[in-house]
Amino acid sequence: MPAIPIPHVDPLPLPGPVWLFTALLLVVFTLHIVAMNSALGGGIWALWNYIRGHNSAHPYSRRLANELAAMLPTYLAFTVTLGVAALLFVQVLFGNFLYASSILIGALWLAVIPLVMVAYYGFYYFSSSAEKGKGISGCVLAVSVCVLLGIAFIFVNNMTLMLRPEHWLAMYRAHPNGWNLNLADRSLVPRYLHMVNGAIVLFSAILAHLGMRKMKTDTEYGRWIVQRSALVFATCTGVQFLLGFWLLLAIPREIAMVLLRDPLPGAVFGLALMSVISAMLLILIGSLAPEPTSLVHAGFAMSLLTLFLMVCLRYLLRLAYLKPYVNLGALAVRPQIGVIVIFLLLFVGGLATVGYMLWLVVRSGKSRVTAITSY
Amino acid sequence: MLIALVAVMHVFVSHFAVGGGFFLVVTEGLARRQNDAALLAYCRRHSRFFALLTLVFGAISGVGIWFTIGLVSPEATSTLIHAFVWAWAIEWVFFFVEIAAAIIYYKTWDSLPARDHQIVGWIYFVAAWMSLFVINGILTFMLTPGRWIQTQSFWDGMFNPTFLPSLVARTAVSVILAGIFGYVTLPSREAHNHEVREKVARWAAFWMMAGAVVLPLSLWWYFARIPQFSQLYLNGVLIGVRHAVRGGVAFTLLALLIALVCGVWKPNWMRSPVVALLVVCGLGTIGAGEYLREFVRKPWVINQVVYANDIRAAQVEALQSKGVSHTANFLLTEDPASVAYGENLFQLQCGSCHGAGGYRGMQRRVDGWDAEFASDILQHIHILRGTMPPYAGNEEDRKALGGYLASLNPAWHFNITDGNRLEVGEMVFASRCGHCHTVNGNFRPLRGAFEKATPSQVQEVFPALDAMSSDMPKFNSPDDQAQALAFYISHEANKPVLQKQTPAEMPTGSTHSQLVRPPGPRQPAEPRKEVR
Numbered sequence: 064m065p066a067i068p069i070p071h072v073d074p075l076p077l078p079g080p081v082w083l084f085t086a087l088l089l090v091v092f093t094l095h096i097v098a099m100n101s102a103l104g105g106g107i108w109a110l111w112n113y114i115r116g117h118n119s120a121h122p123y124s125r126r127l128a129n130e131l132a133a134m135l136p137t138y139l140a141f142t143v144t145l146g147v148a149a150l151l152f153v154q155v156l157f158g159n160f161l162y163a164s165s166i167l168i169g170a171l172w173l174a175v176i177p178l179v180m181v182a183y184y185g186f187y188y189f190s191s192s193a194e195k196g197k198g199i200s201g202c203v204l205a206v207s208v209c210v211l212l213g214i215a216f217i218f219v220n221n222m223t224l225m226l227r228p229e230h231w232l233a234m235y236r237a238h239p240n241g242w243n244l245n246l247a248d249r250s251l252v253p254r255y256l257h258m259v260n261g262a263i264v265l266f267s268a269i270l271a272h273l274g275m276r277k278m279k280t281d282t283e284y285g286r287w288i289v290q291r292s293a294l295v296f297a298t299c300t301g302v303q304f305l306l307g308f309w310l311l312l313a314i315p316r317e318i319a320m321v322l323l324r325d326p327l328p329g330a331v332f333g334l335a336l337m338s339v340i341s342a343m344l345l346i347l348i349g350s351l352a353p354e355p356t357s358l359v360h361a362g363f364a365m366s367l368l369t370l371f372l373m374v375c376l377r378y379l380l381r382l383a384y385l386k387p388y389v390n391l392g393a394l395a396v397r398p399q400i401g402v403i404v405i406f407l408l409l410f411v412g413g414l415a416t417v418g419y420m421l422w423l424v425v426r427s428g429k430s431r432v433t434a435i436t437s438y
Numbered sequence: 075m076l077i078a079l080v081a082v083m084h085v086f087v088s089h090f091a092v093g094g095g096f097f098l099v100v101t102e103g104l105a106r107r108q109n110d111a112a113l114l115a116y117c118r119r120h121s122r123f124f125a126l127l128t129l130v131f132g133a134i135s136g137v138g139i140w141f142t143i144g145l146v147s148p149e150a151t152s153t154l155i156h157a158f159v160w161a162w163a164i165e166w167v168f169f170f171v172e173i174a175a176a177i178i179y180y181k182t183w184d185s186l187p188a189r190d191h192q193i194v195g196w197i198y199f200v201a202a203w204m205s206l207f208v209i210n211g212i213l214t215f216m217l218t219p220g221r222w223i224q225t226q227s228f229w230d231g232m233f234n235p236t237f238l239p240s241l242v243a244r245t246a247v248s249v250i251l252a253g254i255f256g257y258v259t260l261p262s263r264e265a266h267n268h269e270v271r272e273k274v275a276r277w278a279a280f281w282m283m284a285g286a287v288v289l290p291l292s293l294w295w296y297f298a299r300i301p302q303f304s305q306l307y308l309n310g311v312l313i314g315v316r317h318a319v320r321g322g323v324a325f326t327l328l329a330l331l332i333a334l335v336c337g338v339w340k341p342n343w344m345r346s347p348v349v350a351l352l353v354v355c356g357l358g359t360i361g362a363g364e365y366l367r368e369f370v371r372k373p374w375v376i377n378q379v380v381y382a383n384d385i386r387a388a389q390v391e392a393l394q395s396k397g398v399s400h401t402a403n404f405l406l407t408e409d410p411a412s413v414a415y416g417e418n419l420f421q422l423q424c425g426s427c428h429g430a431g432g433y434r435g436m437q438r439r440v441d442g443w444d445a446e447f448a449s450d451i452l453q454h455i456h457i458l459r460g461t462m463p464p465y466a467g468n469e470e471d472r473k474a475l476g477g478y479l480a481s482l483n484p485a486w487h488f489n490i491t492d493g494n495r496l497e498v499g500e501m502v503f504a505s506r507c508g509h510c511h512t513v514n515g516n517f518r519p520l521r522g523a524f525e526k527a528t529p530s531q532v533q534e535v536f537p538a539l540d541a542m543s544s545d546m547p548k549f550n551s552p553d554d555q556a557q558a559l560a561f562y563i564s565h566e567a568n569k570p571v572l573q574k575q576t577p578a579e580m581p582t583g584s585t586h587s588q589l590v591r592p593p594g595p596r597q598p599a600e601p602r603k604e605v606r
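Chains C and E, in that order, give the protein sequences. So the first sequence is numbered by this note's numbering: it starts at 64 and just counts up by one. So the second sequence is numbered by this note's numbering: it starts at 75 and just counts up by one.
As structure tokens, then:
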């Protein structure tokens with residue numbers, strides 16, 4: 064029996080080139096994280112403002128909580144929808160690692176499904192009851208947010224564990240029935256906090272962007288959103304730097320060195336640092352002016368760019384972790400060209416169809432529609 | 075069991091997600107054409123229920139299947155992913171459109187113009203049905219991979235022999251479920267709702283009937299195209315299959331009867347308990363259908379590629395020659411002589427379908443086995459009832475697993491008297507012979523071989539069983555139990571039977587021989603042939 068158990072690569076060839084699967088994985092995972100950050104970050108924002116809104120001195124907080132409530136189920140719906148695609152493509156490239164780590168934490172991994180349902184129904188309940196101010200609404204939202212935090216913890220466990228085959232056998236022998244967590248990994252906690260705090264950071268940027276749009280119809284309320292979200296964005300970005308530094312110290316030294324030594328990860332890391340600093344400066348400068356300027360939009364765009372770069376960096380670090388065990392370039396490939404073309408055409412067609420439906424909604428120009436497109 | 079639970083619930087809701095979307099948009103069109111505000115209000119309320127059930131439970135339980143199959147059958151999942159990742163990617167596009175359309179449809183009753191709202195509804199339905207279209211290809215591939223086995227071509231796998239009949243059957247089920255769930259949001263029984271309530275009740279019944287007309291024809295088409303070994307499972311020999319067939323038919327007929335009586339004839343009778351019963355019938359039909367679909371694929375999870383215990387057919391030979399301890403990645407112990415190693419093998423190779431106790435538990439199945447018999451029978455495991463794959467391990471592994479199976483129960487010791495000989499014989503028969511044979515039944519009957527034989531003549535055959543056929547294990551029961559067994563067989567084989575059963579053909583799990591054909595009732599009694 065091998066000392067480090069690496070499940071064999073599937074005997075069937077890859078049905079498409081590695082670069083295509085990598086590109087799709089990076090794109091859909093970035094979109095998944097945007098949606099996830101909206102659900103988790105939006106949930107935290109909604110909860111905070113819902114609680115704060117109980118005080119009549121903060122009418123905007125209550126209003127913001129109510130408006131976010133209407134959109135939280137949709138954010139979660141797209142978190143799941145986009146997450147499915149990311150799960151699909153990661154299985155193609157790293158399935159043998161992901162299956163092994165998932166089995167090791169199987170009991171909790173399966174718990175993700177009922178937990179998502181609880182959070183989802185909680186969001187729906189909150190969306191239908193927040194405006195009426197029912198006492199239990201805040202509690203239900205708090206439960207949903209806590210459940211999402213728990214799900215994030217399970218995911219971070221699995222995603223870190225799949226990178227450490229050298230720990231698998233000992234874990235399996237300790238708890239063969241799937242009751243494991245990757246708690247021995249020093250990077251687990253900083254990585255988890257980095258993801259959760261990142262959700263607040265990104266949703267704050269999204270909120271600042273949406274606040275700017277809101278200013279067109281309600282200047283005072285829109286400005287309040289922009290300035291408040293910019294403040295949270297800047298504060299949490301500062302915290303994100305500290306957490307990122309902790310994470311760098313926690314990952315194995317040879318992996319951390321990849322960021323300094325190897326040109327591609329180093330360049331992506333440098334660009335990500337520059338873009339996050341730019342995002343922070345743009346959003347702060349844009350929002351602190353008496354009348355928030357379009358620099359806020361630019362800051363929001365830079366935040367999205369930062370997210371994409373961080374997703375790329377995460378992928379490159381995964382390759383560094385798994386370098387002793389996997390060589391994607393050596394995998395047999397037999398592209399299913401015809402189906403790939405059909406997929407790409409349908410993908411464009413699908414986006415166009417969704418765009419068309421949104422256009423129908425915008426065209427109708429009713430007040431309720433504003434709620435859909437704004438938040 | 076876990077997959078079954080998640081899958082049945084998901085299939086139930088996801089088929090409603092297809093049919094229910096169709097039902098909603100057609101009903102909305104009807105309401106608008108007839109300018110029926112009450113019917114439109116029903117559609118609106120139904121769309122809320124529809125969204126809450128399908129967007130949350132339907133969608134998340136679908137992800138649940140992903141999670142579950144990855145845990146239970148990673149090899150099979152990996153095979154499907156490598157063969158059909160682009161199909162799944164295409165399905166995801168439709169899923170994405172479906173979710174977006176459902177949210178917009180549900181949220182824009184007040185804001186979108188009627189025409190635009192219906193366009194969104196139709197987009198939803200087309201996307202949902204196309205999602206079913208694609209997934210249906212992957213699901214049917216698992217039983218009927220067709221030419222894919224030779225070509226490994228995506229198109230051969232996708233448009234396999236059962237693709238079309240299964241697609242029609244699933245569409246029919248979707249329409250039936252649309253009708254069933256249509257009753258869940260039936261307007262209340264207040265006087266002002268009387269008219270719309272009757273209208274919806276009859277309308278939903280019409281949907282159920284329409285689906286029910288197509289369903290049996292499509293199922294007949296489907297079962298005509300499944301492999302021969304799968305068809306043999308439907309011959310009524312296996313109790314689980316028999317119950318599933320009868321249950322599925324009964325649930326469907328009961329649902330249709332309720333729809334006719336409480337939907338068409340007396341809509342006022344369609345009250346909450348009746349609706350709940352209808353939903354249970356729908357779930358029962360789906361449960362029976364899914365059970366049968368999964369069962370007739372045994373011993374495979376992907377026919378001719380991966381066995382139900384997630385071992386590739388191509389791996390079996392290597393595992394049988396080298397042994398599991400030299401090939402497995404995860405073992406709790408590396409001492410093949412230990413019972414712990416046997417337990418570990420059980421978890422690795424049997425755990426997909428069996429536990430020690432509980433559902434398909436082995437404890438009651440192996441009661442009365444000793445380690446030698448258990449180890450020996452593992453060699454012939456694919457003969458048992460056709461549902462088991464061949465044992466994938468060497469002799470050392472068989473001994474370890476056999477030892478573990480025998481350790482699940484205390485050894486049998488009887489004080490056999492004339493008063494209990496028949497009863498003990500029956501127990502020994504059930505333990506040692508009953509997994510593969512009956513005496514007078516149609517499952518590999520032994521009557522032909524032992525009719526007119528005395529107990530001592532029967533017992534004389536036992537020591538030679540493994541020599542008569544390579545498929546038979548060595549008989550090693552203690553002498554007193556052998557006597558009781560011989561007495562029982564002789565007694566049963568010589569008692570008059572009202573009607574002779576026709577022996578049924580049964581498949582085997584062997585890669586090489588798909589069929590075991592027992593002799594017909596009038597064939598000459600050649601012991602070697604008769605017992606098989």
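The C-beta atom is built at its ideal place from N, Cα and C for all residues, glycine as well.
Which partner residues of Pro484(E) appear in the DSSP bridge assignment? Per DSSP, none; premise fails for Pro484(E).
Taking the CB atoms as reference points, tell me whether Ala271(C) and Ile288(C) lie closer together than 9 Å. yes
Leaving out five residues on either side along the sequence, give the residues of the same chain with a beta carbon under 6 Å from the beta carbon of Pro74(C). none
So which residues on chain E does Leu391(C) lean against when the C-beta distance must stay under 7 Å? Those do not exist, as Leu391(C) stays about 14 Å from chain E at its closest Cβ, beyond 7 Å.
Quick one: which chain C residues come within Cβ less than 8 Å of Phe131(E)? Met180
Tell me which residue opens and which closes the alpha helix (DSSP H) that Val331(C) is part of. Run containing Val331(C): 326 to 351, per the alpha helix (DSSP H) assignment.
Considering only DSSP beta bridges, list what Thr245(E) is partnered with. DSSP, once it has assigned bridges, lists no residue as partnering Thr245(E).
Three-state secondary structure (DSSP) of Trp183(E): coil
Quick check on DSSP: helix, strand or coil for Val375(E)? Three-state result, Val375(E): strand.
Looking at Ala293(C) and Leu351(C), is the spacing between their C-beta atoms short of 9 Å? yes
Interface flag, Ile199(C) vs chain E, CB-CB below 9 Å: It does not; no Cβ of chain E falls within 9 Å.
Of all Cβ atoms in chain C, is any one closer than 9 Å to the Cβ of Gln555(E)? no
Tell me whether Tyr116(E) sits in a helix, a strand or coil according to DSSP, three-state version. helix
What does Ile612(E) touch in chain C if you count any residue whose Cβ is under 7 Å from its own? Because chain E here runs from 75 to 606, residue 612(E) falls outside it and cannot be looked at.
Looking at chain C, is there any beta carbon in it that lies within less than 9 Å of the beta carbon of Ser152(E)? Yes, Ser152(E) lies at the interface with chain C (some Cβ there is under 9 Å from its Cβ).
For Pro70(C), count neighbouring Cβ atoms within 10 angstroms of its own Cβ and tell me buried if that reaches 16, exposed if not. buried
Going along the chain, which residues of the segment 228 to 241 of chain C sit with their C-beta nearer than 8 Å to a C-beta in chain E? Trp231, Leu232, Tyr235, Arg236, Pro239, Gly241
Is the shortest distance between the beta-carbon of Ile176(C) and the beta-carbons of chain E less than 9 Å? yes
Using three-state DSSP, classify Leu394(C) as helix, strand or coil. coil
Tell me, please, which residues DSSP counts as bridged to Leu327(E). Paired residue(s): none; Leu327(E) is not in a bridge.
Helix, strand or coil for Asp73(C)? Go by DSSP, reduced to three states. coil
Using 8 Å for Cβ pairs, my map puts Gly416(E) next to Asn468(E). What's the rounded Cβ distance? Going by Cβ atoms, the distance from Gly416(E) to Asn468(E) rounds to 13 Å, so no, they are not a contact pair.
Answer with yes or no whether the minimum CB distance from Trp172(C) to chain E is below 9 Å. yes
Is Val130(E) close to the ligand GDP? I mean its beta-carbon at under 8 Å from any heavy atom of the ligand. Judged by which ligands are present, the structure shown has none, so any question about the ligand GDP falls away.
Pro315(C) CB to nearest chain E CB: under 9 Å? For Pro315(C), the answer is no, since every Cβ of chain E falls outside 9 Å of its Cβ.
List the residues that DSSP assigns as beta-bridge partners of Val380(E). Ile376(E), Arg386(E)
So the candidates are Gly429(E), Leu393(E), Ala504(E); which of them puts its Cα closest to the Cα of Pro464(E)? Minimum Cα distance to Pro464(E) is reached at Leu393(E).
If you pair each beta-carbon of the segment 212 to 219 of chain E with each one of the segment 230 to 240 of chain E, do three or more pairs fall below 8 Å? The segment 212 to 219 of chain E and the segment 230 to 240 of chain E touch, with no fewer than 3 CB-CB distances between them shorter than 8 Å.
Are any of the Cβ atoms in chain E nearer than 9 Å to that of Met420(C)? Interface residue, yes.
With burial defined as no fewer than 16 other Cβ atoms inside 10 Å of the residue's Cβ, what is the status of Phe84(C): buried or exposed? buried
Going by DSSP, what residue range makes up the alpha helix (DSSP H) through Ile300(E)? Element bounds for Ile300(E): n/a, residue is neither H nor E.
Neighbouring residues, chain C, relative to Pro187(E) (Cβ below 8 Å): Ser427
Other residues of its chain near Thr214(E): CB distance less than 6 Å, five sequence neighbours each side excluded: Asn234, Thr236, Phe237, Ser240
Would you grab the beta carbon distance between Val80(E) and Ser121(E) for me? Rounded to a whole angstrom, and I think it's under 8 Å. At roughly 26 Å, the Cβ-Cβ gap does not stay under 8 Å, so Val80(E) and Ser121(E) are not in contact.
Any C-beta of chain C sitting closer than 9 Å to the C-beta of Pro148(E)? yes
In three-state DSSP terms, what is Pro347(E)? helix
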